[in-house]
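Residue numbers (the working numbering), protein chains in the order written: chain L, 1 to 341; chain A, 1 to 255.
Quick notes on the structure that follows.
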Amino acid sequence: MIEVQGLTKQYGPVTAIRDVSFNVAAGEIVGFLGPNGAGKSTTMRILSCFMPATHGSARVAGYDVFRDSMEVRRRIGYLPENVPLYQDMRVAPYLDFVAEVKGVSRGARKAMVADVMDRCRISDVQHRLIGKLSKGYRQRVGLAQAIVNDPSVLILDEPTIGLDPRQITEIRSLIKSLAGAHTVILSTHILPEVAMVCSGVIIINKGSIVAQGPIDTLVDEFFPSARVQVEIEGPRDLVRERLASIPGVTAVKDDGVDGAGGMFLVESPRGRDVRSEIFRLAAQQKWELRELRRVGMTLEEVFIKVVAGEESLAPGERTVEEAAARVSEEDVTARRPEDET
Amino acid sequence: MRVWPIFKKEMRLYFTSPIAWVIGAIFLLIAGYFFSAIFNFFAQASMQSAMNPQMAREMNPTESVLRPLLSNVTVILLLLMPMVTMRLFAEERRSGTIELLLTYPVRDGAVLVGKYLAALALYGLMLVGTLLYPLMIAYFARLDWGAVLTGYIGLVLLGATFIAVGLFASSLTENQIVASIISFGVLLMLWVVGWSADYVGGAWGKVLSDLSIIEHFDNFAKGVLDTKDVVYYLGFVTLALFLSLRSLEARRWKE
């Protein structure tokens with residue numbers, strides 16, 4: 001449904017995206033993942049026919065976004081990043097305008113607008129000025145304008161940003177309900193969102209695609225090893241040494257101290273469960289075993305791994321969530337001067 | 001061409017925001033003030049001329065009230081029209097709504113024409129408000145309705161040109177103030193360019209006075225309908241709209 005081949009976009013001397021290629025099959029929901037400034041919005045702006053690429057081609061529903069722009073535009077619903085809406089218009093007339101401009105006939109318009117307001121739960125504010133709405137409502141009006149004419153492809157740039165947790169859940173289930181009949185590409189930097197909503201993921205960093213595919217495949221691909229978190233009260237160096245000598249264990253990482261016990265991260269090849277051996281080791285040595293659990297490999301870790309490199313767990317960070325927060329924070333600070341231009 | 005929905009949207013934005021109301025009210029207030037001042041002066045003059053038959057023969061409400069009134073209105077337009085048009089594209093760029101508008105299945109040309117016609121329609125409504133003044137003159141004196149008609153045709157053409165220039169200025173920037181200043185500057189230059197015609201003289205002087213946006217209006221105010229003037233204004237509108245379309249397309253590449 002969406003075919004992107006060697007897409008490159010340059011703003012003067014700055015290359016926003018470089019040689020980006022991917023495909024999205026019909027009916028799929030694909031998450032477009034990357035730190036801020038990675039090129040997500042640029043790619044989406046090209047797909048939505050807002051601006052042309054410098055090189056490469058993109059086809060949506062079989063039509064080239066540059067040569068058959070009108071055909072593409074008829075088939076897409078687009079929600080840009082900051083949800084630009086006319087502040088001085090009321091919700092219902094605004095959606096009626098969008099439906100009309102998208103070519104919905106006069107007869108069908110009223111029912112379609114009412115239906116979309118119902119689905120996005122904005123019927124209760126339909127007579128209010130858009131500029132007076134809360135962020136959550138505005139976001140939903142933005143989504144409503146994208147889906148009002150029931151387009152076959154949806155391009156959503158950060159659709160859940162700035163919403164409260166309940167609204168996020170609502171929007172996500174709304175997007176999920178669109179799968180099958182619609183092809184959706186949504187960008188986000190909220191990692192769990194992708195895992196929850198999307199079937200596939202495309203990770204982009206610094207303008208280039210660094211990983212893509214179904215989520216499970218990606219996790220296996222990037223993490224061939226299984227990890228177990230262990231907390232043992234005992235002489236730390238000795239514990240570590242013994243843990244490392246268990247057959248099958250490939251690495252033991254000291255994960256800090258918690259009270260009297262030491263925390264360790266034990267890695268072994270996927271499919272090799274070393275937990276019973278660890279338990280027996282602790283029992284033998286009469287060390288107190290406080291915790292023993294498998295650590296799941298998540299998309300977050302894949303993201304950290306491909307985006308920030310393997311050595312991303314800085315000292316003091318226990319979990320990848322903390323690392324993810326740091327990475328995205330660093331990214332924001334690092335890129336801020338650029339963003340302003 | 002989906003011009004109609006764009007036109008409707010622009011009209012809605014003019015009227016749900018205070019823009020249309022404020023501009024309309026200020027315009028009619030100032031125009032009304034000019035009218036009453038000119039009409040009072042004319043009333044006093046005709047009172048005095050009752051004693052002087054020679055002077056009375058030269059009293060003509062079309063010449064002495066309508067014509068100065070129209071030329072005063074053109075000055076108000078010079079100051080106000082840039083503010084009617086400044087938001088057309090600049091606001092959409094600043095708020096980002098242009099990104100949605102230009103990804104809907106409408107051609108850039110339709111967006112442009114829709115916006116142009118909306119500003120023109122708002123201007124039309126403002127002009128309708130001023131029709132009260134000729135009606136009042138006609139109530140007290142004999143008015144040459146032909147001159148009123150050509151005068152208003154002239155106003156429509158002049159305003160149409162102002163709006164086209166303003167639309168172009170608005171397509172150049174995302175800052176409404178900048179758009180307004182550019183269109184005011186361009187219009188004022190086009191206005192005063194004829195003043196140096198006498199000084200330059202010769203063929204170039206003729207070119208300068210032909211270029212002047214207000215010289216062409218004078219004929220209409222006098223009740224003369226000349227194709228040359230009509231062609232001037234329509235040509236100007238076409239040129240400005242064409243440039244706006246180009247600038248809209250160019251911005252896509254730069255965005």
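Just so you know, even glycine gets a beta-carbon here, dropped at the ideal spot from N, CA and C.
Taking C-alpha atoms, which residue in Arg45(L), Gly262(L), Arg227(L) lies nearest to Arg290(L)?
Gly262(L)
Can you pull the DSSP bridge partners for Thr8(L)?
His55(L)
Let me make sure I understand the geometry here. Which of Leu241(A), Ile182(A), Gly223(A), Ala250(A) has the alpha-carbon closest to that of Arg67(A)?
Gly223(A)
What residues in its chain sit with their C-beta under 7 angstroms from that of Thr24(L), if we drop five residues either side in the sequence?
At residue 24(L) the sequence reads Val, which differs from the Thr that was named. Met1, Ile2, Val30, Thr183, Ile185, listed in sequence order.
Can you tell which of Cys198(L), Asn82(L), Glu28(L), Ala26(L) has the C-alpha that lies nearest to the C-alpha of Arg45(L)?
Asn82(L)
Taking contact to mean 3 or more Cβ pairs, one atom from each stretch, closer than 8 angstroms, check whether the stretch 207–217 of chain A and the stretch 107–120 of chain A are in contact.
no
Is there at least one Cβ from chain L nearer than 9 angstroms to Lys8(A)'s Cβ?
yes
Using the Cβ count rule (16 or more neighbours within 10 Å means buried), how would you classify Met117(L)?
buried
Along the chain, where does the alpha helix (DSSP H) that runs through Val113(A) open and close?
108–130
Assign Met11(A) to one of three DSSP states: helix, strand, or coil.
In the structure shown, Met11(A) adopts helical secondary structure according to DSSP, grouped into three states.
Look at the Cβ atom of Tyr78(L), then the Cβ atom of Ile155(L), and state whether they are nearer than 9 angstroms.
Going by C-beta atoms, Tyr78(L) is nearer than 9 angstroms to Ile155(L).
Just tell me which of Lys132(L), Val148(L), Cys120(L) has its CA closest to the CA of Arg172(L).
Among Lys132(L), Val148(L), Cys120(L), the Cα nearest to that of Arg172(L) is on Cys120(L).
Less than 6 angstroms between C-beta atoms, sequence neighbours within five positions excluded: which residues of the same chain meet that for Ile205(L)?
In the sequence as displayed, the identity of residue 205(L) is Asn instead of Ile. Once the five neighbours on either side are set aside, the close Cβ partners of Asn205(L) are Gly34, Ala38, Val307.
So who's on the other strand from Gly129(L), going by DSSP bridges?
The question names Gly, but residue 129(L) is Leu in the sequence shown. For Leu129(L), which the question treats as bridged, DSSP gives the partners Arg90(L).
Apart from the five residues on each side of it in sequence, which residues of its chain come closer than 6 angstroms, Cβ to Cβ, to Pro315(L)?
Residue confidence is low: Pro315(L) scores 46 on pLDDT, short of 50, so the model does not pin down where it sits. Its coordinate-derived value is still stated next. So the list is empty, once near-sequence residues are dropped.
Return the Cβ separation of Gly109(A) and Leu225(A) in integer angstroms, given the expectation that the two are a contact with Cβ distance under 8 angstroms.
About 30 angstroms separates the two Cβ atoms, so there is no contact after all.
For His189(L), does the three-state DSSP call read helix, strand or coil?
coil
For Leu102(A) versus Arg252(A), is the C-beta distance shorter than 9 angstroms?
yes
Less than 9 angstroms between the C-beta atoms of Ala221(A) and Gly154(A), yes or no?
yes
Would you decide whether Ala16(L) is buried or exposed? Buried here means 16 or more other CB atoms lie within 10 Å of its CB.
buried
Could you check which residue in Ser57(L), Ala283(L), Pro151(L) has the C-alpha nearest to that of Val98(L)?
Pro151(L)
By Cβ distance, which residues of its chain are closer than 8 angstroms to Arg242(L), with the 5 residues on each side in sequence left out?
Excluding residues within five positions, the ones whose Cβ falls inside 8 angstroms are Leu281, Gln285.
Do the stretch 163–173 of chain A and the stretch 76–95 of chain A make contact, defined as three or more Cβ pairs closer than 8 angstroms?
yes
Name, in chain order, the residues that DSSP records as bridge partners for Tyr63(L).
Answer by DSSP bridge pairing, in chain order: Val60(L).
Is the beta carbon of Val156(A) closer than 9 angstroms to that of Gly124(A)?
yes
So, under 8 angstroms CB-CB, Trp191(A) and Leu77(A) are touching, yes? Tell me the CB distance rounded to an integer number of Å.
Contact doesn't hold; Cβ gap of about 11 angstroms is too wide.
Would Thr130(A) pass as an interface residue toward chain L - the criterion being a Cβ-Cβ separation below 9 angstroms?
Taking CB atoms only, Thr130(A) has no neighbour in chain L less than 9 angstroms away.
For a test of the three-state rule: what should DSSP assign to Gly205(A), helix, strand or coil?
In the structure shown, Gly205(A) sits in a helix (DSSP, three-state: H, G or I).
Mind pulling the chain A residues with CB within less than 8 angstroms of Asn82(L)?
Near Asn82(L) (Cβ distances below 8 angstroms), the residues of chain A are Gly96.
Which residues in the same chain have their Cβ closer than 8 angstroms to the Cβ of Gln379(L), if we skip the five residues on either side of it in sequence?
Here chain L comprises residues numbered 1 to 341, so residue 379(L) is not present and cannot be evaluated.
Tell me which residue opens and which closes the beta strand (DSSP E) that Pro68(A) is part of.
Taken as a continuous stretch (DSSP letters only), Pro68(A) belongs to no beta strand (DSSP E), being part of the alpha helix (DSSP H) at 67–85.
Pick from Asp254(L), Ser268(L), Pro80(L), Gly213(L): whose alpha carbon is nearest that of Thr188(L)?
Pro80(L)
So Glu288(L) is in the beta strand (DSSP E); what residue range does that whole segment cover?
288–295
Shortest alpha-carbon distance to Val228(L) belongs to which of Glu193(L), Gly207(L), Lys253(L), Asp237(L)?
Lys253(L)
Mind checking if Phe264(L) is an interface residue toward chain A, Cβ cutoff 9 angstroms exclusive?
Taking Cβ atoms only, chain A never reaches closer than 9 angstroms to Phe264(L), which makes this a no.
Any idea which residues DSSP pairs Ile155(L) with across the strands?
Tyr78(L), Ile185(L)
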